[in-house]
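Structure first, then comments.
Residue numbers (the working numbering): 134 to 535.
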């Protein structure tokens, strides 16, 4: 493995980051297709051998990617903020107010996305992203400490401690279920207008209640901070220090993944108190997903540098990652039209294997479109709109950045 040091000019995109973002987005589309975009159902017509194989596919994909793809995507969101802040500072401009406006614009994109899909994450990103504004002036040590506290899920542990002191207290952490049932009913039986109308309220509450109750309200800003810290430390820029970091992180991450997995699988069955079980599952599960994500990102970066400038597969998905906002929103719209009653209504006609195949089909279609589009444009359609609206003033627009 080459160990020469290289630097990246401020306005140059890091291909490795685009590829990693593309990989995370590929994982997300596969997971969402497995879930039929929150319209769960299994076919009854298929042979037993295919049903058995579906179970294997489902368990494998979820074991490898569930929670890890989202975490990777969130980590890179924080990294992108660092790049934008750095580039603006080098032009003598304070990007913090502009970033607040940018998060308001992201809220607008979230409302477009949530109209179609009741699993939107962009609203949570728009809210949690605001922590990066004050954090931009914190020291690296403070950023790391705050990120660690948030990752530890203090609210969940507070609930656990309270339940230990008050055994009669009951909280199964499932406020989202009422809204999930309404959203699922419309998805199975409603037309397009009914689906859109239901998502305006019930779909939004379903998505965001679930994310809060699943621990993402604390995990997401933690990952944003860690992504910003990774940018400061130049961990995605090839150097002796960054290669050493990811090697060591792979070892530590592997050990912590095993430990956290054992904490989930061994301790969870021993808990009988519903409240404690609900919140311990969240706290321990989030830590497990985080460490597993660390392992996957470490492997990805080390493989990238092992091949000099990325393996053939890694480089092939760079365009997909460069158009992440466009592809994320569009894959949801496509998925809803495939699985919901307002479209092809395949939610109970395809199992895990066929769903993964459909997910790969969506990915390949979007990858092809991304390559065609970027051959004549600097950014994706929605990325370009977001950038233009972000810099909607007399301040000169910078060159395209992460």
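We put the CB at the ideal spot given by N, CA and C, even for glycine.
Counted as a single uninterrupted DSSP element, the alpha helix (DSSP H) harbouring residue 181 occupies residues 181-198.
Going by C-alpha positions, residue 223 is about 19 Å away from residue 272. Just measuring C-alpha positions, the residue of 457, 199, 296 sitting nearest residue 168 is 199.
The DSSP-derived three-state label of residue 289 is helix. Rounded to whole angstroms, the Cβ separation of residue 286 and residue 404 is 16 Å, and the two are not in contact under 8 Å. Burial of residue 346 is indicated by the presence of at least 16 other C-beta atoms within 10 angstroms of its C-beta. With distances taken between CA atoms, residue 333 lies nearest to 315 out of 344, 431, 350, 315. Note that the region 249-262 does not touch the region 385-394; fewer than 3 beta-carbon pairs, one per stretch, sit closer than 8 Å. Rounded to whole angstroms, the gap between the alpha carbons of residue 445 and residue 341 is 38 Å.
The continuous alpha helix (DSSP H) containing residue 151 extends over residues 148-167. Between residue 204 and residue 423, the C-beta spacing is below 9 Å. It is roughly 13 Å from the alpha-carbon of residue 302 to the alpha-carbon of residue 412. The shortest C-alpha to C-alpha distance from residue 458 to any of 148, 173, 162 is the one to 162.
Here the alpha carbons of residue 195 and residue 392 stand approximately 19 Å from one another. By the neighbour-count criterion, in which 16 or more other beta carbons inside 10 Å mark a residue as buried, residue 501 falls on the exposed side. Residue 366: not part of any alpha helix (DSSP H); DSSP gives it neither H nor E.
DSSP, reduced to helix, strand and coil, places residue 246 within a helical segment of the structure shown.
The Cβ atoms of residue 304 and residue 298 lie no closer than 9 Å to each other. About 7 Å separates the CB atoms of residue 172 and residue 321; that is less than 8 Å, so the two are in contact. Look at residue 313 here: in three-state DSSP terms it is helix. In the DSSP annotation of this structure, the continuous segment of the alpha helix (DSSP H) that includes residue 424 starts and ends at 407-439. The C-alpha of residue 359 lies about 40 Å from the C-alpha of residue 474. By the C-beta criterion, the region 265-280 is judged not to be in contact with the region 186-194, since fewer than 3 inter-stretch pairs fall below 8 Å.
Closest in alpha carbon position to residue 491, among 428, 155, 147, 166, is 166. In the three-state reduction of the DSSP assignment, residue 490 falls in the helix class, which pools H, G and I. CA-to-CA, the gap between residue 378 and residue 368 works out to about 8 Å.
Per DSSP, the continuous alpha helix (DSSP H) segment holding residue 468 begins and ends at 457-472.
Nearest to residue 187 by alpha-carbon distance, out of 488, 519, 432, 201, is 488. Using a Cβ distance threshold of 9 Å, residue 219 and residue 364 count as a contacting pair. C-alpha of residue 160 to C-alpha of residue 202: approximately 6 Å in a straight line. The straight-line gap separating the alpha-carbon atoms of residue 339 and residue 331 is approximately 11 Å. In this structure, the beta-carbon distance from residue 217 to residue 232 falls below 9 Å. Residue 257 sits buried, since 16 or more C-beta atoms from the chains shown fall within 10 Å of its C-beta. Annotated as distal: residue 221 and residue 361, with beta-carbon spacing of 9 Å or more. Nearest to residue 259 by alpha-carbon distance, out of 214, 495, 401, 449, is 214.
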